[in-house]
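Worksheet: the structure to be examined is printed underneath.
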Amino acid sequence: MSTADCDRADSGWGILNGLPGDPMIWVLVCSELAAFGLFLGAFIVARAVSPDVFAFGQAALEPDLAGLNTLVLVTSGWAAARGTASARVDRRNRSRLWLLLAMTLGGVFAAIKITEYAHEMDKGIGLETSPFFTLYFLLTGFHLLHVCLGIVILALVGRRADPVHVETGTVFWHMVDLLWIVIFPIVYLVH
Amino acid sequence: MRYSPDRLDLTLILLICLALATVAVAGAGPGAMIVDGAVLTFAAVKGRRIASDYLDLRSAPPLWLGLATAWLLLVLGFAWAVSAVSFLLR
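Quick mapping for you: the protein sequence lines, in order, are chains F and R.
Per the numbering used here, residue 1 is the first one in the first sequence, and the count goes up by one each step.
Per the numbering used here, residue 1 is the first one in the second sequence, and the count goes up by one each step.
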């Protein structure tokens with residue numbers, strides 16, 4: 001049993017016992033999933049109310065770039081999970097390398113997303129172009145902010161590569177990954 | 001030494017295949033209920049796999065994987081239901 005697994009045993013956190021990482025990260029994860037869930041719900045309802053506006057807006061997006069970003073982020077998640085596995089068996093240098101790969105791919109995600117924004121702005125599209133783009137920029141921008149924050153968190157936990165800290169940081173990273181998996185089809189693909 | 005992929009590697013391969021399938025299916029036809037359903041189903045499978053293997057909820061009490069799955073089904077199911085109703089009313 002690894003150090004992290006030992007810490008997962010009953011430690012007085014009630015239903016948060018048995019989860020990877022610091023139990024408090026799960027409070028954050030739950031609140032983030034609730035917030036993004038409500039945000040996505042608002043997006044879905046707004047599309048039903050104004051289907052033509054949303055169809056026009058969606059046609060101006062670049063689903064190929066967003067699809068590429070999905071590949072980048074799931075690969076980054078894999079690297080982060082490998083980093084956790086290495087930290088659990090106390091291979092800290094290896095864990096740092098995996099986390100570095102995860103952060104680099106996170107940077108690639110951000111670069112692709114910013115390129116996408118630049119293309120949209122070149123077309124004269126902005127936050128106030130239509131309700132679609134207001135929600136699109138807020139939703140994806142808020143997610144991009146989480147990606148940037150996740151990179152910082154991975155860098156911080158990678159310094160010591162302590163198993164529980166790495167687990168905690170990667171839980172946040174996988175949440176960001178999970179959110180994108182849901183945002184991508186709803187915003188870019190579903191009509 | 002021969003390398004054999006573990007569960008994390010298989011999860012990555014599955015996620016990449018589903019991401020490629022998502023883009024391929026979405027490009028196949030605009031707005032049909034079945035296309036939207038397929039795209040959202042792929043997202044649900046990807047999300048559950050991330051929750052199970054990347055977040056490691058497979059090793060946590062079953063409640064947590066259940067909650068993550070419920071969140072995915074709620075958001076993606078709502079997206080599909082609203083899309084389907086809009087499609088039928090057109």
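For every residue, glycine included, the Cβ atom is placed at its ideal position computed from N, Cα and C.
Taking the Cα positions, Arg-7 of chain R is about 26 angstroms away from Gly-107 of chain F. Cβ-Cβ distances below 8 angstroms link Arg-49 of chain R to Thr-11, Leu-14 and Leu-15 in the same chain, with the five nearest sequence neighbours on each side left out; the list follows chain order. Note that the C-beta distance between Phe-172 of chain F and Ile-25 of chain F is below 8 angstroms. Residue R:Phe-42 holds the alpha-carbon nearest to the alpha-carbon of Val-23 of chain R among R:Pro-5, R:Phe-42, R:Gly-66 and R:Leu-89. Between the beta-carbon of Gly-21 of chain F and that of Arg-96 of chain F there is about 17 angstroms, and that puts the pair past the 8 angstroms contact cut. Taking 8 angstroms as the upper bound for CB-CB distance, Ser-86 of chain R and Pro-51 of chain F are in contact here, some 6 angstroms apart.
For Val-187 of chain F, there is no enclosing alpha helix (DSSP H), as DSSP gives it neither H nor E. Taking a Cβ-Cβ cut-off of 9 angstroms, the neighbours of Thr-22 of chain R in chain F comprise Gly-67, Thr-70, Phe-184, Pro-185 and Leu-189, given in sequence order. If you draw a straight line from the Cα of Gly-27 of chain R to the Cα of Val-182 of chain F, it comes to about 18 angstroms.
Residue burial is scored here from C-beta neighbours: Leu-72 of chain R has at least 16 other C-beta atoms within 10 angstroms and is therefore classed as buried. Ranked by how close their Cα comes to the Cα of Ala-55 of chain F, the residues F:Leu-38, F:Leu-149, F:Val-166 and F:Pro-131 have F:Pro-131 in first place. According to the DSSP assignment, Tyr-136 of chain F belongs to the alpha helix (DSSP H) that extends over 131–160. Here the segment 161–168 of chain F makes no contact with the segment 32–39 of chain R; the two share fewer than three CB pairs at distances below 8 angstroms. For the pair Tyr-54 of chain R and Asp-90 of chain F, the CB atoms are not nearer than the 8 angstroms cut-off. The C-beta of Ser-83 of chain R comes closer than 8 angstroms to at least one C-beta of chain F. Restricting attention to F:Val-147, F:Ile-153, F:Gly-77 and F:Leu-139, the CA atom closest to the CA of Phe-43 of chain F is found in F:Leu-139. The three-state reading of DSSP puts Ile-125 of chain F in coil, since its state is none of H, G, I, E or B. When the five nearest sequence neighbours on each side are left out, the beta carbons in the same chain lying within less than 7 angstroms of the beta carbon of Leu-68 of chain F are those of Ile-112, in order along the chain.
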